[in-house]
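Here is the structure we will look at, set down as structure tokens.
2 protein chains.
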Amino acid sequence: MSPAKVPAERTVTLKDVAEHAGVSPMTVSRALNKPETVSDALRARIEAAVDALGYVQNLVAGALASAGSNVIPVIVPSLSNTVFVEIVAGIQEVAQAAGFQLMLGNTEYDLEREYTAVSTFLGWSPPGMIIAGMRHLDRTRNLLKRWGKPVVETMEFGAQPIDMNVGLSHFKAGEAMTRHLVERGYRQIVFVGCRIDADYRAAQRYKGMDRVLARHGLARRDPISYTEASNPERGGAALMEILGIKPKVDAIFFANDDLAVGAILRAQREGIAIPKRIAVAGFNGLPFASLVTPALTTIMSPRHEIGRIAAQQLIERISGRTPARRRVDVSFELQVREST
Amino acid sequence: MSPAKVPAERTVTLKDVAEHAGVSPMTVSRALNKPETVSDALRARIEAAVDALGYVQNLVAGALASAGSNVIPVIVPSLSNTVFVEIVAGIQEVAQAAGFQLMLGNTEYDLEREYTAVSTFLGWSPPGMIIAGMRHLDRTRNLLKRWGKPVVETMEFGAQPIDMNVGLSHFKAGEAMTRHLVERGYRQIVFVGCRIDADYRAAQRYKGMDRVLARHGLARRDPISYTEASNPERGGAALMEILGIKPKVDAIFFANDDLAVGAILRAQREGIAIPKRIAVAGFNGLPFASLVTPALTTIMSPRHEIGRIAAQQLIERISGRTPARRRVDVSFELQVREST
DNA sequence: CTGAAAGCGCTTACAG
DNA sequence: CTGAAAGCGCTTACAG
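Line by line, the protein sequences give chains A and B. Residue numbers are given in my numbering: position 309 of the first sequence equals residue 309, and the series is strictly consecutive. Residue numbers are given in my numbering: position 53 of the second sequence equals residue 1053, and the series is strictly consecutive.
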């Protein structure tokens, strides 16, 4: 099996196109980048030359000459969590439509790797950057501040962003869900998550919950945190463990819907009555949440919208405009369903 | 609220570092890129200068000078489908570890946009490219062939790849599931998907099914294709429609697990006995598939592994080595569970 | 082991 | 509306 390859040819450059069209390279550059500054006839001739030679613009050279590229780095802590992927998808949608390319960095929740990613990406002379979360190494924050170009921190809404911030208040989300549970009459509520130390947004939701419980003079428990990554099976197992070890607990607030849906599916199989025996609540608003029986009470987080707004804000600033708000608190929605 | 920005400083270049360290720029370049070619003392002095000045290597200039970057473009048809995201995650894992960056292109299943993405990405002088699927415009295929650098087509295993190919045979997957259904005694089987015209991999699974049905002399039906994108709710609705309109159908082979799990959740709610009244099978192997009741019979596709192998093959070739196989047929696994 | 020269393929800024 | 010159910040290839 011989490789299905045509031998690599000499790179076709702007100069080649210019010669072919009988103009200067500068004119070709203009015809390509600012078509309106060139006469129609000339533009047609140049386009013909481009097609004839199969010219592909060297973006690297362009970026160097103009000291800037149209590549936007996006840094996320994980690609196995749908939540981040949906934010990336939202960013993609807006960025690609505006002619920007996305470079993808995955930190695996490691702040050192985040620093490395940021500083590498800076080497691509991007016009701005989008980064998930507001918890970074001081070095990272300083590097980005000194850099001085637009930066959007996404996911959570918080104080003192590096530059811009688009997200939701996880503390408030925790409060909102807990208020609902308390109103419904649940008194022994426990928070269950995975790797809550690293998933500090889940920890914020827990704090919101704790605040509400304290206000109502209800029993306050430490969160239960498992060491594996969130997955539905873990949610089901957690439910069974809690029923066994802490029979008084009457409601579980799971850190996310993966866990909560897993708990409901397990309950179904085991014949455990939800919410009668124990109530279950989640966070995120996964598609399956509304379809399981009982349907899951959860909080819808607008991931896609966060991504879109983040990209819009960034592009506004890249284009030299000033967005109305530097910090955007996107709202969430409590979906009360059957599981509570 | 004044922007939390420090004024942008003059860019620190290699030359600045060289002056600070008292050597030539060339030596700094070597110390940074090939540390082993420089004495320890010198390297330490240069690293100190880098830190002192906060130097960030300009990758754009490097890429232009060396006529190549370490950016690998990855082109997928969608980010809303988990399947592609998992492939991207697999690629990320291997590529990032080997020092490559990923550029992300989303075609939204539009082959024209795919062409645009490919030709734009070529302008970044990448050392190779990974692209989902084997169905492209002739222009796209020709462009990539003429380009002459390593290209991996992923997702499906097929004939005549542009260069390399890593994926699974969807035809065989369709055959395997159908053989199972026939063995189990189902005789009136229907294939249900969404946008099967665009989702040609689903169409290949259908063809595999059709072949097996024909061999067994069983009833062959056209696939049922909905115009919306795949989602669990659609799966549930499809189940109900088929029960109403085609009561003889005794098994549904869904194009993917999103639809199939949706069907099972709906059946649960409606009190429809699966597999007794009607059997349900899926494709992909989503986490929820094994947790619903009844657990879903499906085919596990190794998305993450496809991504990893694709990246490995590409990097092998970028590094000048020749992978053992140019085409890799990754295996899939039939998971027989309760729903059939 | 270290350095001076040339050049990668564009765009900016200045002329005409 | 079009072009000649200079330069973006590196690396390659050649010397010493």
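Each residue gets a CB set at the ideal place from its N, CA and C atoms; glycine is no exception.
(Q) Between which residues of its own chain and I1224 of chain B is the CB-CB distance below 8 angstroms, once the five residues before and five after are set aside? (A) Taking the second sequence and counting its residues from 1, the one referred to as residue 1224 of chain B is at position 224. Excluding positions up to five away in sequence, the list reads V1190, F1191, V1192, G1193, A1238 and I1242.
Q) DSSP puts R1327 of chain B in a beta bridge; with which residues? A) Here residue 1327 of chain B is taken as the residue at index 327 of the second sequence, counted from 1. R1327 of chain B is bridged to B:N1165.
Q. Going by Cα to Cα distance, which pick from A:S301, A:L218, A:I318 and A:P323 is closest to E333 of chain A?
A. The residue given as residue 333 of chain A occupies position 333 in the first sequence. The candidate whose alpha carbon is nearest that of E333 of chain A is A:S301.
Q: State the beta-bridge partners of E333 of chain A as determined by DSSP.
A: By one-based count along the first sequence, residue 333 of chain A stands at place 333. In DSSP, E333 of chain A forms a bridge with A:M300.
(Q) Taking 7 angstroms as the limit between beta carbons, can you name the residues of its chain near S29 of chain A, skipping five residues before and five after? (A) Locating residue 29 of chain A in the first sequence gives position 29, where the first residue counts as 1. Cβ within range, chain order: L14.
Q: Check the Cβ-Cβ distances between M362 of chain A and every residue of chain B, and say whether any is below 8 angstroms.
A: The structure shown does not extend to residue 362 of chain A, since chain A is modelled only from 1 through 340, so no value can be given for it.
Q | Proximal chain B residues relative to A97 of chain A, where beta-carbon distance stays under 9 angstroms | A | On the first sequence, position 97 is the one that residue 97 of chain A refers to. Under the 9 angstroms cutoff, chain B gives no residues; its nearest Cβ is about 11 angstroms from A97 of chain A.
Q: Assign T322 of chain A to buried or exposed, taking buried as 16 or more other Cβ atoms, counted over all protein chains shown, within 10 Å of its Cβ.
A: Here residue 322 of chain A corresponds to residue number 322 of the first sequence, with the count starting at 1. T322 of chain A counts as exposed, since fewer than 16 other C-beta atoms from the protein chains shown sit within 10 angstroms of its C-beta.
**Q.** Beta-bridge partners of V71 of chain A, as assigned by DSSP
**A.** Residue 71 of chain A sits at position 71 when you count from the first residue of the first sequence. DSSP lists A:Q101 as partners of V71 of chain A.
Q. When burial is assigned at 16 or more other CB atoms within 10 Å of the CB, is M1155 of chain B buried or exposed?
A. Working through the second sequence from its first residue, we reach residue 1155 of chain B at position 155. The residue in question, M1155 of chain B, is buried, as its Cβ has 16 or more Cβ neighbours within 10 Å.
Q: Give the interface partners of N1081 of chain B over in chain A, defined as CB-CB distance under 9 angstroms, in chain order.
A: Position 81 of the second sequence, counted from the start, is the residue given in the question as residue 1081 of chain B. The premise fails here: N1081 of chain B is roughly 10 angstroms from chain A at the closest Cβ pair, so nothing lies under 9 angstroms.
(Q) Beta carbons nearer than 8 angstroms to chain A: which residues of the stretch 1260-1279 of chain B have them? (A) V1261, G1262, L1265, R1266, Q1268 and R1269
Q.
Which same chain residues end up closer than 7 angstroms to K1172 of chain B when comparing Cβ atoms and leaving out the 5 residues on each side of it in sequence?
A. Taking the first residue of the second sequence as 1, we reach residue 1172 of chain B at position 172. Excluding positions up to five away in sequence, the list reads G1208.
Q) In chain B, which residues lie with their C-beta within 8 angstroms of the C-beta of P127 of chain A? A) Here the question's residue 127 of chain A lines up with position 127 in the first sequence. What P127 of chain A touches in chain B: nothing, since even the nearest Cβ is about 12 angstroms away.
**Q.** Start and end residues, alpha helix (DSSP H) containing A289 of chain A
**A.** On the first sequence, position 289 is the one that residue 289 of chain A refers to. It is not in any alpha helix (DSSP H) - A289 of chain A carries neither H nor E in the DSSP assignment.
**Q.** Span of the alpha helix (DSSP H) around E1019 of chain B
**A.** The count along the second sequence starts at 1 and reaches residue 1019 of chain B at position 19. Where E1019 of chain B is concerned, the enclosing alpha helix (DSSP H) stretches over L1014 to A1021.
(Q) In this structure, how does DSSP classify T340 of chain A when only helix, strand and coil are distinguished? (A) By 1-based counting over the first sequence, the position of residue 340 of chain A is 340. The answer is coil: DSSP assigns T340 of chain A none of H, G, I, E or B.
Q) Along the stretch 1130-1147 of chain B, what residues have a CB closer than 7 angstroms to any CB found in chain A? A) K1145 and R1146
**Q.** D1258 of chain B versus G262 of chain A: straight-line alpha-carbon distance, rounded
**A.** Locating residue 1258 of chain B in the second sequence gives position 258, counting from the first residue. Locating residue 262 of chain A in the first sequence gives position 262, counting from the first residue. Using only the alpha carbons, I get a separation of about 16 angstroms.
(Q) Please state the DSSP three-state secondary structure of V192 of chain A. (A) In the first sequence, the residue the question calls residue 192 of chain A occupies position 192. Here V192 of chain A sits in strand by DSSP.
Q | For G1167 of chain B and E1305 of chain B, the rounded distance between their alpha carbons | A | Translated into the one-based positions of the second sequence, residue 1305 of chain B becomes position 305. Translated into the one-based positions of the second sequence, residue 1167 of chain B becomes position 167. Approximately 9 angstroms between the Cα atoms of the pair.
Q: Determine the contact status of I130 of chain A and A310 of chain A, defining contact as a CB-CB distance below 8 angstroms.
A: For the purposes of this step, residue 130 of chain A is taken as residue 130 along the first sequence, with counting starting at 1. For the purposes of this step, residue 310 of chain A is taken as residue 310 along the first sequence, with counting starting at 1. Contact flag set, yes.
(Q) What does the alpha-carbon distance come out to for the pair L144 of chain A and L122 of chain A? (A) Residue numbering aside, residue 144 of chain A sits at position 144 when the first sequence is read from its first letter. Residue numbering aside, residue 122 of chain A sits at position 122 when the first sequence is read from its first letter. For L144 of chain A and L122 of chain A, the distance between alpha carbons rounds to 9 angstroms.
Q: Anything in chain B within Cβ reach of A364 of chain A, meaning under 7 angstroms, just list it in chain order.
A: Here chain A covers residues 1 to 340 and nothing more, so residue 364 of chain A does not appear.
Q | Buried versus exposed, by CB contacts within 10 Å (16 or more), A1267 of chain B | A | For this step, residue 1267 of chain B is matched to residue 267 along the second sequence. With 16 or more Cβ atoms within 10 Å of its Cβ, A1267 of chain B is classed as buried.
Q. What whole-angstrom Cβ distance do R1179 of chain B and V1212 of chain B have, given they're in contact under 8 angstroms?
A. The residue labelled residue 1179 of chain B in the question sits at position 179 within the second sequence. The residue labelled residue 1212 of chain B in the question sits at position 212 within the second sequence. So it is a contact: roughly 6 angstroms between Cβ atoms.
Q | Within chain B, the residues that N231 of chain A reaches when beta carbons sit closer than 7 angstroms | A | Position 231 of the first sequence, counted from the start, is the residue given in the question as residue 231 of chain A. Those within 7 angstroms of N231 of chain A in chain B are P1287.
Q. Apart from the five residues just before and just after R45 of chain A, which ones in its own chain have a Cβ nearer than 6 angstroms to its Cβ?
A. For the purposes of this step, residue 45 of chain A is taken as residue 45 along the first sequence, with counting starting at 1. Hits under 6 angstroms: A21.
Q: May I ask which residues mark the beginning and end of the beta strand (DSSP E) holding M1155 of chain B?
A: Counted from its first residue, the second sequence places residue 1155 of chain B at position 155. Start and end: V1151 to E1156.
Q. Are the Cβ atoms of T297 of chain A and V336 of chain A separated by less than 8 angstroms?
A. If you number the first sequence from 1, residue 297 of chain A lands on position 297. If you number the first sequence from 1, residue 336 of chain A lands on position 336. Yes, the pair counts as a contact, with Cβ atoms nearer than the cut-off.
Q: Determine the chain A residues that contact S971 of chain B at a beta-carbon separation under 8 angstroms, and present them in chain order.
A: Residue 971 of chain B is absent from the model: chain B starts at 1001 and stops at 1340.
Q) Using a Cβ-Cβ cut-off of 6 angstroms (strictly less than) and excluding sequence neighbours within five positions of A1049 of chain B, which residues of its own chain qualify? A) For the purposes of this step, residue 1049 of chain B is taken as residue 49 along the second sequence, with counting starting at 1. Cβ neighbours of A1049 of chain B beyond the five flanking positions: V1017, H1020 and A1021.
(Q) Using a 10 Å radius around the Cβ and a threshold of 16 neighbouring Cβ atoms, would you call A1089 of chain B buried or exposed? (A) Start at 1 with the first residue of the second sequence, and residue 1089 of chain B comes out as number 89. A1089 of chain B is buried by the Cβ-count criterion.
Q. The alpha helix (DSSP H) with S29 of chain A in it runs from where to where?
A. Residue numbering aside, residue 29 of chain A sits at position 29 when the first sequence is read from its first letter. S29 of chain A -> alpha helix (DSSP H) spans P25 to N33.
Q. Would you call E1228 of chain B buried or exposed, if buried means 16 or more other Cβ atoms sit within 10 Å of its Cβ?
A. By 1-based counting over the second sequence, the position of residue 1228 of chain B is 228. Under this definition E1228 of chain B is an exposed residue.
**Q.** Chain-order list of residues whose beta-carbon lies under 6 angstroms from that of V94 of chain A (same chain, five-residue window excluded)
**A.** For the purposes of this step, residue 94 of chain A is taken as residue 94 along the first sequence, with counting starting at 1. Once the five neighbours on either side are set aside, the close Cβ partners of V94 of chain A are R308, A311 and Q312.
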